[in-house]
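Below is one structure, written out as structure tokens, with a few remarks after it.
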Amino acid sequence: MARATNSTKEAIELPTIDEQRINDAMNTITTIQSAYNEERDLVNQLLGQAQMADAFTKFSLTVRTSKLNFVKENKLYRSLKGKKSPNGYDFLTGTWEEFCNLLGISVQKADLDIQNLKEFGEEALDSMSQMGIGYRELRQYRKLPEDQKTALIEVAKAGDKESLVELAEEFIAKNNKEKDLLKKENSNLQADYKALSKRNADVAKEKEELAIKLAQFEMKTMPLDERLEPFKKQIAETQSRIDKLFEEQRQYVDIMYKLMLDIMENDPDYDPEKPYSLPESMQIALLTLNGSAVLTLDQARYVHRELWNKFDSDIMEAQQRQESLVNENVQDLYK
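The numbering used here puts the sequence shown at residues 383 to 717.
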């Protein structure tokens, strides 16, 4: 007589919500993490917590986030694809967002917790969580430079909330002060840029007017004296504008120097006995001003060289004639 096949399936009994059961579930998860081949069991264990009301949220922040991070990095949530959700109706698509929703947390919160875990480490994050440090404070801490963030992590590990908050406030105040100073510098540089842009537009207009006057000068129908007279006047006007531009550049140098003194005076870390580096934005502005001065000098040298290449003997002759006239006038004064 053949044995009857036992087709009866064992009914799945949901665990009762209690601390012992939660701890047992967490121990199971920790064991399963060491064996990647059993990833489906890990996901099922986590989903089992979702069926236990809010049991998953009762885990400590770092333990919960560590498990979430493991699932996300190894993409274990994909094993849910094609299965039914805990309510028994919908088929799962196997996405990270869907997995978070099944656990009763938003994907944004899960990702933020994972980010904090990676930024501060399990020990420091767990300590700060116990101190009552919230998401707003953690967001501010994440924005700190790496050296300051490292200092905060070490203080957090020591479990001294007062020292942690005091040090964090000091770092944040210092960074805000530097940010305000850079914002002020940027505003000043933008004002200078607008002024220079306007000056460049004026110079372009003046060059166009000069081109028109030079074209008029080349009209051979006019007598030489009449053609030269406006040209000499234009040279004098151009020299006046050049003098004004040079004066503006000298003022720019003074402005930059005063700004440098102001930066050093307001920098709490400034030590006159140690080398000091100006902010990068200040260095860029100095390079711009230096480049302008060098370009102006090169252009002046070019014009002077061209002038002497074409008229050197004529200029020397005119200079000698003027010197002779001056000497004659001096002699007439003593007669």
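Glycine included, C-beta positions come from ideal geometry on N, C-alpha and C. Model, not experiment: these values are computed from the prediction.
(request) Have a look at G476 and K465 and give me their C-alpha separation to the nearest angstrom. (result) 9 angstroms
(request) Scan the stretch 641-710 and note each continuous beta strand (DSSP E) run of 3 residues or more that stays entirely inside, going in chain order. (result) none
(request) Report the three-state DSSP secondary structure of K725 (helix, strand or coil). (result) Outside the shown range of the chain (383 to 717) lies residue 725, about which nothing can therefore be said.
(request) For the alpha helix (DSSP H) holding T532, just list the boundary residues, first then last. (result) E528 to A540
(message) Please state whether the Cβ-Cβ distance between L534 and N498 is less than 7 angstroms.
(response) no
(message) Is the beta carbon of I554 closer than 7 angstroms to that of Q530?
(response) no
(message) Going by DSSP, what residue range makes up the alpha helix (DSSP H) through K500?
(response) V489 to M513
(message) Let me confirm a value: A550 is counted as buried when at least 16 other C-beta atoms fall within 10 Å, else exposed. Which label applies?
(response) buried
(request) Please report how far the alpha carbon of A492 lies from the alpha carbon of R446, in whole angstroms. (result) 9 angstroms
(request) Leaving out five residues on either side along the sequence, give the residues of the same chain with a beta carbon under 7 angstroms from the beta carbon of S389. (result) Per-residue confidence for S389 stands at a pLDDT of 42, beneath the threshold of 50, marking its modelled position as unreliable; no derived number is given.
(message) On the DSSP letters alone, give me the boundaries of the alpha helix (DSSP H) that L484 sits inside.
(response) W478 to L484
(message) What does the alpha-carbon distance come out to for the pair K589 and F693?
(response) 23 angstroms
(request) Give the C-beta separation of K449 and E505 to the nearest angstrom, bearing in mind that I take them to be a contact with Cβ-Cβ under 8 angstroms. (result) About 17 angstroms separates the two Cβ atoms, so there is no contact after all.
(message) Quick check on S706: buried or exposed, where buried means 16 or more other Cβ atoms within 10 Å of its Cβ?
(response) exposed
(message) At the level of alpha carbons, what is the spacing between Y639 and E710?
(response) 49 angstroms
(message) Would you call the stretch 661-675 in contact with the stretch 552-570, where contact means no fewer than 3 C-beta pairs closer than 8 angstroms?
(response) yes
(request) Can you tell me which of L494, G541, Q701 and T532 puts its alpha carbon nearest to the alpha carbon of R518? (result) L494
(request) Would you please state the rounded distance, in angstroms, between the beta carbons of Q616 and S674? I believe it to be under 8 angstroms. (result) That pair is no contact at about 24 angstroms.
(request) Give me the Cβ distance between Y634 and L671, rounded to the nearest whole Å; I'm assuming they're in contact under 8 angstroms. (result) 6 angstroms
(message) Using only the alpha-carbon positions, how far apart do F628 and D696 sit?
(response) 29 angstroms
(message) Classify S509: buried if its beta carbon has 16 or more other beta carbons within 10 angstroms, exposed otherwise.
(response) buried
(message) Among the candidates K559, T620, Q681 and L546, whose CA atom is the shortest distance from the CA of T587?
(response) Before going further, note that residue 587 is Lys rather than Thr in the sequence given. Of the listed residues, the one whose Cα sits closest to K587 is T620.
(request) Write down every uninterrupted run of the beta strand (DSSP E) in the stretch 547-578 whose length is 3 residues or greater and which is fully enclosed by it, in chain order. (result) none
(message) Since K454 and W478 should fall inside the 8 angstroms C-beta cutoff, what is the C-beta to C-beta distance between them, to a whole number of angstroms?
(response) 6 angstroms
(request) Check P612 in the structure and name its three-state DSSP category. (result) helix
(message) Any heavy atom of the ligand HEM inside 6 angstroms of the beta-carbon of I554?
(response) With respect to the ligand HEM, the structure offers nothing, as it holds no ligand at all.
(message) Between L563 and N648, how many whole angstroms is the CB-CB distance? I'm expecting something under 8 angstroms.
(response) 7 angstroms
(message) Tell me the DSSP secondary structure of K587 in three-state form.
(response) helix
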